[in-house]
Amino acid sequence: MLEEKDEKTQRQIKILIDLIFAKGLSHTLKVAEHLDNPFILGEFYRNLTGDIYNELVKRKKLKSL
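Below, the structure is given as structure tokens:
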């Protein structure tokens with residue numbers, strides 16, 4: 000999914016993903032929304048629904064549904 004995006008977008012999304020594990024999901028969502036970039040926010044949310052969700056559950060950052 001990230002391969003198709005330009006390098007700057009990939010870097011921003013990777014930073015957001017890394018931030019989840021450092022500062023938590025709530026903080027990271029606020030940061031992502033503060034970027035005021037709907038494309039980045041959409042790509043970030045799309046990434047959250049896949050492997051990242053499973054990793055967050057595994058690391059007990061989120062409760063499994």
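Numbering-wise, numbering that gives the first Met the number 0 puts 46 at position 47 of the sequence shown, and it's gapless, one number per residue.
We treat Cβ as the ideally placed atom computed from N, Cα and C, and that holds for glycine.
As the structure is a computational prediction, the values presented were derived from the model and not from experiment.
Beta-carbon separation (whole angstroms), residue i vs residue j, contact threshold 8 Å
i, j, result
"Ile-14", "Ile-39", "About 10 Å; that fails the 8 Å criterion."
Residue i burial status per 10 Å Cβ neighbour count (16 or more: buried)
i, result
"Leu-1", "With a pLDDT of 48 at Leu-1, under the threshold of 50, the modelled position of this residue cannot be trusted; read the value that follows with caution. Leu-1 comes out exposed."
"Ala-21", "exposed"
"Leu-47", "buried"
Residues near residue i by beta carbon distance below 8 Å, same chain, minus five either side
i, result
"His-26", "Leu-18"
"Ile-51", "Ile-16 and Ile-19"
"Asn-53", "none"
"Lys-60", "Ile-19, Phe-20, Gly-23 and Leu-24"
"Leu-34", "Gln-11 and Leu-40"
Nonlocal neighbours in the same chain, by C-beta distance under 7 Å from residue i, ignoring five residues either side
i, result
"Lys-29", "none"
Same chain, Cβ closer than 6 Å to residue i, five either side skipped, listed in chain order
i, result
"Ala-31", "Leu-15, Leu-40 and Phe-43"
"Lys-62", "none"
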